[in-house]
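Okay, structure first, notes after.
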Amino acid sequence: MTDDMSPAERYALSRARAAEQATALAPFREMYEFELDPFQIEACQALEAGKGVLVAAPTGSGKTIVGEFAVHLALTQGRKCFYTTPIKALSNQKYSDLVKRYGAAKVGLLTGDNSVNADAPVLVMTTEVLRNMLYAGSQALDGLGYVVMDEVHYLSDRFRGAVWEEVIIHLPDSVTLVSLSATVSNAEEFGDWLDTVRGDTEVIVSEHRPVPLWQHVLAGRRMYDLFEEKDSPEGTPGAGRREVNPDLVRLARMENSRPFAGRDRRRGKNLREADRERERRQRSRIWTPSRVEVIERLEAEGLLPAITFIFSRAGCEAAVQQCMYAGLRLNDTEARARVREIVEERTASIPDEDLHVLGYFEWLEGLERGIAAHHAGMLPTFKEVVEELFVKGLVKAVFATETLALGINMPARSVVLEKLVKWNGEQHADITPGEYTQLTGRAGRRGIDVEGHAVVLWQRAMDPGALAGLAGTRTYPLRSSFKPSYNMAVNLVSQFGRHRSRELLETSFAQFQADKSVVGISRQVQKNEEGLAGYREAVTCHLGDFEEYARLRRELKDRETELAKHGASQRRAAAAAALEKLKPGDVIHVPAGKYAGLALVLDPGLPAGRTDRHRGFDPHDGPRPLVLTAERQVKRLAPIDFPVPVEALERMRVPKSFNARSPQSRRDLASALRTKAGHIVPDRHRKQRAAAADDAEITRLRTAIRAHPCHGCNDREDHARWAERYHRLLRDTRQLERRIEGRTNTIARTFDRICRLLTDLGYLRADEVTEDGRRLARLYGELDLLASECLRDGVWDGLQPAELAACASALVYEARMADDAAPPKLPAGPAQAALGEMIRIWGRLDALEEEHKINQAEGVGQREPDLGFAWAAYRWAQGHGLDEVLRDIEMPAGDFVRWCKQLIDVLGQIAAAAPQGSPVARNARKAVDGLLRGVVAYSSVG
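For what it's worth, the numbering used here labels the leading residue of the sequence shown as 10, then goes sequentially.
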């Protein structure tokens, strides 16, 4: 190829190659066996040029290569790199990857409960750890050159998302930020914000999936493609466009139109699920395949390994049991032996007595067959083993909850979705396009599979069009969940003072998005202000200030309207009061309406529960008397028929035999009515003197108007019309400005309310953080203020370590279901009294938050402490065995370990926040020692 080039071209090519070899990217590329993708090269080049980068690309596309290049740059330049992830499992995985590449001496790990080689130049950590280091001014930040934020789209998470924004805002300007995100539809908006708060940031978006994804629906024995390529000549409109498979649409229409009986007509009882499924299969050509059928079908088609997403832990465990009962075996003898060898090696540290409690032997049997569950209720060690065996191809079918989709590097050839509905903590809701993309993104292993497959199981009432919408919408918007907290407030004020802290919070992505949403309203305000200037010119009068004159006229009109409304309201109230006094047999004169004239009251029509003495009358809900008119009509009248009070003119007896539906009865009683009262002429209701005639304010305004110079202007009414337009436009503009005010500075206003509450409690004094405030600054979590108040009030002073563990558990534990169970079992004695005091303190704080308009529904404030883990924490810290502790609380081992680790984290914070050498600090450390044993202590790294 170079032979065809001129000497100048060959020289230029040689120079370009030499320049490329001189970059840090060249040796980095040689570390990989595959060629980097264009988006990876573009991002790495931007990083080397000194820019920050935001990389938004599909799951499995290799975004982390860019993060690893930041690590490479830091080591090349003799600086530090922090690699942050949202969850510990991801931190552990990334730590292992980087240790393999750079060696254990250069890489460290920091998670909430573990520290490995903390002085290494490359540190992998959870995002919360970095946030805490920034607030504490940790020396580990010295020499920091790069921070990689993996899965940065996590900032949408309503519980933890604020941490990502805190880190981005507070990182020193000298640090280059590498943000790695799933494909989001507003990457440019997020990039604009990063550019604002972090400086020059390159946004690199890639929609390309390195392994193509095929979408299917499995119905009965047949696998349908979800999409069909539209067959049009190349170059014509619609060529290459995908449409929903018409066979699938026809099938759905046909199946969904069939009636389905879920009851046994003979017995009138609900059919069992198995009977219902049998009937469905007999009546239909298609059905929802069983879990065993799905795995067998995927194996026959060569589509294993597969991850089946089931949005239930119990469902995942049941799926494994069903496959085992069906005799399913996906591993040969050699693979079984390899599985047993790996499992025994990884679980060697677990005592034999705990293995039985953890269901080890059933779990091992499933693994040997190549089948496993994966969910948050499993022991972390068990989950890590499943991940390792799956990546090695020794587990071929995993049934998992959606937590597996959160970044863990565990790709499969196929992904199966049983349903498109999941429980979101409040209700069963359809999964979003973003969730669908995240789940199916696991399908297709780069460098192994030619294509990936996403399989959705047929469900009755399925809409293929809706499914195609989920599969075709490949992006979702990134929405900030940032909210100030008490801990954040004291840390910010301590470092920057209140004014500067307020300014910092206004640079958050949450405020950035809120401000962008008012751009259109702001433009309308600008147009209105231009119109107001024109109207103001038209209102100008040579005799004086016409705006002042117009204001006087408007005040007069408003006052007259107010008095008229008040008078009408009084008249309606008087009329209603008179109606309430009516009784059956009263002869009245209906003053207005279609049935005006003489009438006999048959029923007063008082609303239920009303009496003559009832106050607070609403004319729309007032009495509606049923009357017989002199013209023999029986009608239910409304308050509008009585604009003035009405009185009984005479009394008549209504016969008990009277039937309002009988024409003869009506005729006889109407005749008696005319005879009895036809000669009576009702008193004419004299119109009362208008309130305006005696109103001093109206007299003053009329005098001021007549005395004003503009009153004598020949163009007065013309000016007045322009003034009225000016006023209407000004009123509309003020409304728009109020809408803008409601959306702008929202974060800062919340911060102000939090600071006022903290000032009332003595944590802040103007720009100064008090001693109590410095204690609060060391406490993180949802119930930071409650923990600080408990320390200040000495609630935990007399507690033993296990009792303190029980109390501290209420600060972290939250039952999975809101109305989970009966009242929890609590340790007796001092611990129970301390827990009761914690609830009382929370009640006081809750009332104070309400007073300061701090709203928990908006994600700000203190939720009620949950005592559901107190007994388990107490027993475990006392040294009781795993079997009896888990039996007491009926909790999966994985959940127990997770809550214990969070409890250990908060006890560490309490030990740091309490006065050094105090009994609380000592007992908190002892409680940590009591908790950190057995299953809680065995985890591979984090």
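Note that CB positions come from ideal geometry on N, CA and C, so glycine has one too.
To the nearest angstrom, report how far apart residue i and residue j are at their CA atoms.
i	j	result
Pro718	Tyr558	9 Å
Ala438	Lys428	11 Å
Gln535	Tyr544	14 Å
Tyr104	Val80	12 Å
Asp875	Leu854	16 Å
Asp914	Glu51	40 Å
Leu941	Ala346	33 Å
Thr441	Glu310	29 Å
Phe505	Ile177	16 Å
Ile863	Val869	6 Å
Pro130	Lys115	6 Å
Trp467	Ala315	17 Å
Thr297	Leu403	28 Å
Gly576	Ala585	14 Å
Phe408	Gly450	16 Å
Leu738	Asp704	30 Å
Determine the DSSP secondary structure at residue i, reduced to helix, strand or coil.
i	result
Met158	strand
Met497	helix
Ala17	helix
Ile380	strand
Asp769	helix
Ala327	helix
Cys332	helix
Ile74	helix
Val804	coil
Ala608	strand
Ala657	coil
Gln224	strand
Asp151	coil
Leu99	helix
Val915	helix
Ile359	coil
Tyr947	coil
Gly375	helix
Phe521	helix
Gly939	helix
Ala406	strand
Lys969	Only positions 10 to 951 of the chain appear in the structure, and residue 969 is not among them; the question remains open.
Suppose the cutoff is 6 Å on Cβ atoms and the five residues either side in sequence are ignored; what does the same chain contact list for residue i look like?
i	result
Asp458	Val220 and Arg422
Asp793	Tyr495 and Asn496
Val945	Val906 and Cys909
Ala921	Arg787
Val789	Going by the sequence as given, residue 789 is Tyr instead of Val. Answer for Tyr789: Asn496, listed in chain order.
Nearest CA to the CA of residue i: which residue from the options?
i	options	result
Asn668	Met661, Glu659, Arg660 and Leu678	Leu678
Lys592	Arg563, Glu310, Ser578 and Arg662	Arg662
Ser671	Val643, Lys685 and His688	Val643
Ala327	Arg300, Leu313, Ile707 and Leu857	Arg300
Gly614	Ala647, Tyr92 and Ala796	Ala647
Tyr111	Val138, Leu119 and Thr85	Thr85
Met471	Leu682, Val430 and Glu706	Val430
Arg455	Gly939, Ser70 and Cys53	Ser70
Ser100	Leu785, Ala824, Leu501 and Glu160	Glu160
Arg693	Pro654, Ala686 and Arg676	Pro654
Trp173	Met232, Ala930 and Met158	Met158
Val212	Leu773, Gly61 and Arg765	Gly61
Between which residues of its own chain and residue i is the CB-CB distance below 7 Å, once the five residues before and five after are set aside?
i	result
Asn932	Leu808, Gln809, Pro810 and Leu813
Gly375	Val329, Met333 and Ala381
Leu82	Ala33, Leu56, Glu57 and Tyr155
Using a Cβ-Cβ cut-off of 8 Å (strictly less than) and excluding sequence neighbours within five positions of residue i, which residues of its own chain qualify?
i	result
Gly903	His384, Ala385, Gly386, Met387, Leu388, Pro389, Phe391 and Lys392
Glu460	Val220, Pro221, Leu222, Trp223 and Gly453
Thr410	Phe318, Ile319, Phe320, Ser321, Arg322, Cys325, His383, His384 and Ala385
Gly943	Pro360, Asp363 and Leu891
Original post:
Between the region 194 to 202 and the region 256 to 266, do at least 3 Cβ pairs fall closer than 8 Å?
Top reply: As far as the Cβ criterion goes, the region 194 to 202 does not touch the region 256 to 266, which means the pair count is below three.
Original post:
Using 8 Å as the Cβ pair cut-off and three pairs as the minimum, do the region 341 to 361 and the region 870 to 881 touch?
Top reply: Contact between the region 341 to 361 and the region 870 to 881 is absent: fewer than three C-beta pairs spanning the two stretches fall below 8 Å.
Subject >> the region 516 to 530 in contact with the region 772 to 781 per 3-pair CB rule at 8 Å >> reply: Contact between the region 516 to 530 and the region 772 to 781 is absent, because fewer than three Cβ pairs lie under 8 Å.
Subject >> the region 550 to 565 / the region 707 to 715 touching (three or more Cβ pairs under 8 Å) >> reply: Output reads yes: the region 707 to 715 touches the region 550 to 565.
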